[in-house]
Structures are given as structure tokens and as C-alpha cells.
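2 protein chains.
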Amino acid sequence: MGQSSGIGVLDKVVAVLKAASAAPTALTDLCDTTGLPRATAHRLAVGLETHGLLQRDGQGRWRPGPLLAALAAHAPDPLVAAAADVLPQLRDRTGESVQLYRADGMTRVCIAVAEPPAGLRDTVPLGARISMGAGSGAKVLTAWADPATQRAVLAGAVFTPQVLAQVRRRGWAQSLAEREPGVASVSAPVRDRAGNVVAAISVSGPTDRIGRRPGDRWAGDLLQAAEALTARL
Amino acid sequence: MGQSSGIGVLDKVVAVLKAASAAPTALTDLCDTTGLPRATAHRLAVGLETHGLLQRDGQGRWRPGPLLAALAAHAPDPLVAAAADVLPQLRDRTGESVQLYRADGMTRVCIAVAEPPAGLRDTVPLGARISMGAGSGAKVLTAWADPATQRAVLAGAVFTPQVLAQVRRRGWAQSLAEREPGVASVSAPVRDRAGNVVAAISVSGPTDRIGRRPGDRWAGDLLQAAEALTARL
DNA sequence: CTAGACTGTCCCATATCGCGATACTAACGT
DNA sequence: ACGTTAGTATCGCGATATGGGACAGTCTAG
Chain A
1 MGQSSGIGVL DKVVAVLKAA SAAPTALTDL CDTTGLPRAT AHRLAVGLET
51 HGLLQRDGQG RWRPGPLLAA LAAHAPDPLV AAAADVLPQL RDRTGESVQL
101 YRADGMTRVC IAVAEPPAGL RDTVPLGARI SMGAGSGAKV LTAWADPATQ
151 RAVLAGAVFT PQVLAQVRRR GWAQSLAERE PGVASVSAPV RDRAGNVVAA
201 ISVSGPTDRI GRRPGDRWAG DLLQAAEALT ARL
Chain B
234 MGQSSGIGVL DKVVAVLKAA SAAPTALTDL CDTTGLPRAT AHRLAVGLET
284 HGLLQRDGQG RWRPGPLLAA LAAHAPDPLV AAAADVLPQL RDRTGESVQL
334 YRADGMTRVC IAVAEPPAGL RDTVPLGARI SMGAGSGAKV LTAWADPATQ
384 RAVLAGAVFT PQVLAQVRRR GWAQSLAERE PGVASVSAPV RDRAGNVVAA
434 ISVSGPTDRI GRRPGDRWAG DLLQAAEALT ARL
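Residue numbers (my numbering), protein chains in the order written: chain A, 1 to 233; chain B, 234 to 466.
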């Protein structure tokens with residue numbers, strides 16, 4: 001490698017993959033984006049194509065290929081990975097169950113949990129798909145959903161547009177015995193680096209222990225945990 | 234490259250990616266799987282790691298990385314790509330609307346459509362999320378769903394376990410005015426290469442034109458189209 | 001506690017392999 | 001027919017990836 005001057009094939013391959021994944025890319029665009037000479041870019045792209053990492057559309061432009069999808073299928077969800085760090089911390093701080101929900105259509109899916117080791121506690125199974133019409137997590141996800149989904153959810157929800165407006169203003173939501181009798185919860189939005197709300201993080205437990213205003217106690221911790229998640233995306 | 238004898242870096246990179254994506258892989262396993270010398274495998278894996286295509290878990294084993302997920306996010310769904318070829322053919326043969334549905338939790342999503350250009354026709358919007366409780370497509374997806382989902386769907390469905398058993402026996406399903414008044418449809422399961430049912434392909438149209446036994450007319454064409462889809466995955 | 005057998009990491013002379021200027025071909029638009 | 005753009009094939013040079021081997025931690029067994 002002489003003096004560690006030039007860039008290696010690997011860097012070029014990654015550059016080509018990135019370029020082709022950003023948008024369907026013709027050879028010339030590929031060269032512009034990557035700064036590679038035409039012959040080089042062509043050779044790499046054709047190589048990637050034969051391996052199935054790229055494929056060509058009708059106009060001969062390169063797009064991500066089927067193998068890429070197959071490889072990423074087993075890829076870990078960065079949000080879940082971050083949750084493995086953050087959720088237990090929040091559980092230890094609050095002593096209550098903590099969940100992470102992601103919106104999926106008009107339902108939400110529990111993608112991570114952390115529960116106290118013993119005693120009376122609220123359990124949401126990992127992977128459970130539950131209603132978007134009730135609960136603090138549902139309010140948060142709906143409050144920042146696109147308008148069409150919002151309308152559809154509100155049609156069958158226990159909360160109103162006014163409640164959602166308040167959630168957006170406050171930055172968190174709470175609920176008492178909405179989703180489950182005897183259970184209260186607080187939730188905060190989790191944002192990606194770009195600021196989009198990608199999930200809701202919740203603390204939930206028996207009303208007797210949590211009290212009727214769980215937000216007063218835990219909204220701060222919750223928002224902090226949400227920021228910690230964002231930082232690790 | 235002399236006489237095109239040896240394998241190039243690109244091949245090695247792909248081999249490493251495949252190995253690490255199949256399962257969390259330590260260096261030694263990586264060498265066994267790929268046949269590469271330790272130093273080479275190590276250098277490539279570390280390179281891929283710095284680029285974010287791979288990452289390491291707590292035990293130092295390599296797993297697919299965040300960049301891989303990001304690249305594949307824009308990757309085309311192979312099923313949708315195949316549908317772009319197959320669905321119009323089936324529409325032309327039948328003269329009716331054709332849809333492709335994928336199961337998603339307790340609902341189904343329309344991931345591809347092909348409709349006759351004019352006249353009375355059934356329209357399902359692309360991306361529409363519709364019920365799993367009624368319609369021939371719902372029967373097919375439920376018939377081959379996992380037992381837990383099956384039970385959950387049947388609780389709110391218009392069809393019975395006996396109907397599903399018949400669907401599995403026949404290999405296709407039909408329905409009359411279940412999902413939508415005046416609309417009849419036939420559906421067949423679409424399998425991946427491994428034989429798992431990954432989607433349902435449907436023909437639907439007005440009962441007046443389609444008749445009360447749409448399966449008699451189109452089950453054959455439908456099964457053929459399903460096979461064509463499988464072949465292109 | 002030590003020997004032994006593992007791991008993952010780093011180094012460096014070597015020849016292999018990728019490089020890219022150049023030339024060729026195809027498909028346009030004028 | 002001509003120029004201009006696109007993608008593709010060629011080929012000798014030399015930069016670059018290679019992999020044997022050394023090194024350093026880590027675990028197991030005796």
C-alpha cells in the first residue's frame with residue numbers, strides 16, 4: 001500500500017453502494033457522485049450487480065438489489081439495540097415496567113420491554129400488537145402521526161383531537177386505566193436524528209402505586225430516556 | 234488480473250457479508266465459512282465495520298450493521314418487482330382487477346395492483362390496509378398463517394376453521410360479497426422458494442360479470458400466476 | 001500456578017490484482 | 001450523414017491487497 005495514500009476498493013464499493021441506494025443511478029451520475037473514473041465505477045457496479053447487491057432497472061440505472069434486502073433482513077434494528085441499553089436504566093430509576101412502541105398502520109407494536117424482576121407489574125409481551133385507540137403510548141404515536149392516520153385513529157379512539165394537541169404542547173402523554181384496568185402510564189416521543197417521531201417510550205404500572213398523575217413524577221425521566229435513545233441512533 | 238484466475242476483493246467482501254449476515258460470526262467461523270485466511274478475513278471485516286456495513290456485538294462477533302439496513306431501506310421489494318410483470322398478464326387474461334396482498338399482523342396490505350383500463354371494476358388502492366376477517370385473499374393468508382394469528386383472526390372473521398381447511402386442501406379460496414357488496418373474488422397463495430406462503434394474489438370484480446363460482450373459471454390461471462411469481466423471487 | 005491451546009490483532013515483503021487512459025460501439029438528436 | 005452523448009471492452013503498468021507468521025491476551029485443564 002506504499003504510503004497509505006490511495007483509497008481501497010472497499011471504500012469505492014461502499015461509495016458505489018451508497019450512491020446507487022440513494023436513488024436509481026446511471027453510470028455518469030455514479031461517476032459524478034463518487035468521483036470515480038468511468039471505467040472503475042462501471043466495473044464495480046457490474047460486479048456488484050452480478051452478486052445481486054445491485055440490479056438494473058429498465059433504463060439501465062442501478063438500484064439496490066435483492067441480496068442487499070436479504071442481508072439486511074437479519075440486521076438488528078438500531079432502535080431495539082439502543083433500547084437494550086436505555087430501557088433497563090429507566091426501569092431501575094422508576095421501579096416500573098418500561099415499553100417501547102412503534103406505530104404500524106393503525107396499530108402499535110411493542111418492540112422492546114424492561115420489567116421489574118418481581119412483584120405486581122404490568123406486562124406487555126415483546127412483539128405484541130395492541131390498539132392505537134387507547135393508552136398514553138397510543139396518544140403519543142397518534143399525536144405525531146400523519147394527518148390521514150390521525151383521522152382514522154381518532155374515529156375509534158377514547159381520546160380527542162384536543163388531547164392530542166395538549167400532548168404535542170407538553171411533549172408527553174399520560175393515561176389512567178385506558179388500555180388496561182388498574183394500569184396507569186406515561187409516554188414520551190422518541191425521535192430520530194432528523195427529528196421525526198419514530199417510537200414512543202412508556203412507563204406503566206398499577207395505579208395504586210403510580211398515582212393518578214404519573215406524568216408529574218416521571219415525565220422528566222422519560223424525556224431524558226427518549227433523548228438518550230435518539231443519541232444512540 | 235492475469236488470466237481471470239483468482240477471486241477478487243469484491244467476491245471476498247460479499248462472502249464476508251453473507252457469512253456475517255447469516256449469523257453472528259466470530260473470526261474463526263468467518264474463515265471456515267468463507268475459506269479466507271485469517272488475516273484477510275479480519276482485515277475485510279474490520280474494514281466493513283468501519284464503514285458501518287457490519288458491527289460487533291458484545292462477544293466481538295460480527296453482525297449486519299446499520300448502514301446495511303439504511304441501504305436496503307430503499308431496496309425494491311422483490312415480490313413487488315415480480316408483480317409488475319405478472320399482475321398485468323393476469324389482468325389481461327381475466328379482464329378483471331388483480332391485487333397482491335401481504336399479511337401484516339392481523340391485517341393485510343395491498344402491495345401491488347393491476348386494473349382494467351375502464352369500465353366497472355373493483356379498485357383496491359395500492360398500500361391500502363384492509364381487514365383479515367373477510368374476502369378470499371384474507372382466507373388464503375389466514376389459512377397459511379401461524380396458529381396464534383389464525384385463532385386471533387378467526388375470532389372476528391366471517392369464515393370458519395372448516396373453510397380454511399378446505400382452502401388448504403383446494404389450494405385457493407373464493408368469496409362472494411364478503412369484503413365489499415357486489416364484488417366476488419378468487420385468491421391463491423404465493424410461495425417463496427422455500428415454500429412459505431408470503432402473499433396472496435387475487436382476481437376481483439362485479440358478481441354480475443364474474444359469476445357465483447369464480448374459482449371454476451380462474452383458479453387455474455391464478456395458480457399459474459402464483460407460480461410465475463415464485464419463479465421470479 | 002503453569003502449560004497448552006485457543007483466540008483476535010498487527011506487520012511487511014511480495015506478486016497479484018485492480019486501475020484507468022484509451023478505444024470501440026450503440027443510440028440518440030439535429 | 002454528422003456530432004454528441006451514453007455504455008462497454010481492452011490491456012500493460014504498478015499500486016494494492018495479500019496471507020504467512022509473530023504477538024498478545026484469554027480460557028481450560030492438569
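Positions of the beta carbon are idealized from the N, C-alpha and C atoms, including for glycine.
Check                                                                                                                                                                                                    : Outcome
Of all the CB atoms in chain B, is at least one closer than 7 angstroms to the CB of G58 of chain A?                                                                                                     : no
Name the two residues that bound the continuous alpha helix (DSSP H) containing A433 of chain B.                                                                                                         : That residue, A433 of chain B, is in no alpha helix (DSSP H); its beta strand (DSSP E) goes 430 to 439.
According to DSSP, is L54 of chain A part of a helix, a strand, or is it coil?                                                                                                                           : strand
With H, G and I counted as helix, E and B as strand and the rest as coil, what does DSSP make of A15 of chain A?                                                                                         : helix
So D337 of chain B contacts chain A; which residues on that side make the cut at Cβ distance below 8 angstroms?                                                                                          : D104, G105
Based on Cα-Cα distance, which residue from B:G389, B:D379, B:A253 lies nearest to A73 of chain A?                                                                                                       : B:A253
Which of the residues in the region 291 to 308 of chain B, read from start to end, lie with their CB under 9 angstroms from any CB of chain A?                                                           : R296, P297, G298, P299, L300, L301, A302, A303, L304, A305, A306, H307, A308
Any idea which residues DSSP pairs A188 of chain A with across the strands?                                                                                                                              : A:I201
Going along chain B, which residues have a C-beta under 8 angstroms from P125 of chain A?                                                                                                                : Chain B residues near P125 of chain A: none, gap ~11 angstroms exceeds 8 angstroms.
Under DSSP, the alpha helix (DSSP H) around T230 of chain A begins and ends at which residues?                                                                                                           : 214 to 231
Using a C-beta to C-beta distance shorter than 9 angstroms, which residues of chain A count as neighbours of L320 of chain B?                                                                            : The contacting residues do not exist; L320 of chain B stays about 16 angstroms from chain A at best.
Just list the residues that DSSP pairs A406 of chain B with in beta bridges.                                                                                                                             : B:S420
Within the continuous alpha helix (DSSP H) that includes T340 of chain B, where are the two ends?                                                                                                        : Run containing T340 of chain B: none in the alpha helix (DSSP H); it sits in the beta strand (DSSP E), 340 to 347.
Can you tell which of A:L223, A:G137, A:E115 has the C-alpha that lies nearest to the C-alpha of S175 of chain A?                                                                                        : A:G137
Answer yes if the region 222 to 229 of chain A comes into contact with the region 43 to 51 of chain A, meaning at least three C-beta pairs across the two stretches below 8 angstroms, and no otherwise. : no
Can you round the beta-carbon distance between V9 of chain A and V242 of chain B to whole angstroms, since I take them to be within the 8 angstroms contact cut?                                         : 5 angstroms
Alpha carbon to alpha carbon, how far is A114 of chain A from P321 of chain B? Give it in angstroms, no decimals.                                                                                        : 48 angstroms
Beta strand (DSSP E) containing D265 of chain B: first to last residue?                                                                                                                                  : Careful: D265 of chain B lies outside any beta strand (DSSP E), inside the alpha helix (DSSP H) at 260 to 267.
Looking at chain A, which residues of the region 258 to 277 of chain B have a Cβ within less than 8 angstroms of any of its Cβ atoms?                                                                    : L277
For Q181 of chain B, name the three-state secondary structure that DSSP assigns.                                                                                                                         : Within the shown structure, residues of chain B are numbered from 234 to 466, placing residue 181 of chain B beyond reach of any answer.
Compare the Cα-Cα distances from I130 of chain A to each of B:D379, B:D355, B:P358, B:T340 and report the closest residue.                                                                               : B:T340
Is it true that the CB of C343 of chain B sits closer than 7 angstroms to the CB of A361 of chain B?                                                                                                     : yes
Hey, is G280 of chain B's beta-carbon within less than 7 angstroms of any beta-carbon in chain A?                                                                                                        : yes
What three-state label does DSSP hand I240 of chain B in the structure shown?                                                                                                                            : coil
Hey, would you say T201 of chain A sits closer than 7 angstroms to A219 of chain A, going by beta carbons?                                                                                               : Per the sequence shown, residue 201 of chain A should be read as Ile rather than Thr. No.
Verify whether the separation of the beta carbon atoms of R91 of chain A and A199 of chain A is less than 7 angstroms.                                                                                   : no
Quick check on the DSSP output: the beta strand (DSSP E) that includes P297 of chain B runs from which residue to which?                                                                                 : 295 to 297
Between the region 53 to 66 of chain A and the region 162 to 182 of chain A, can you find at least three pairs of beta-carbon atoms closer than 8 angstroms?                                             : no
May I ask you to list, following chain order, the residues of the region 413 to 439 of chain B that have a beta carbon less than 8 angstroms from some beta carbon of chain A?                           : none
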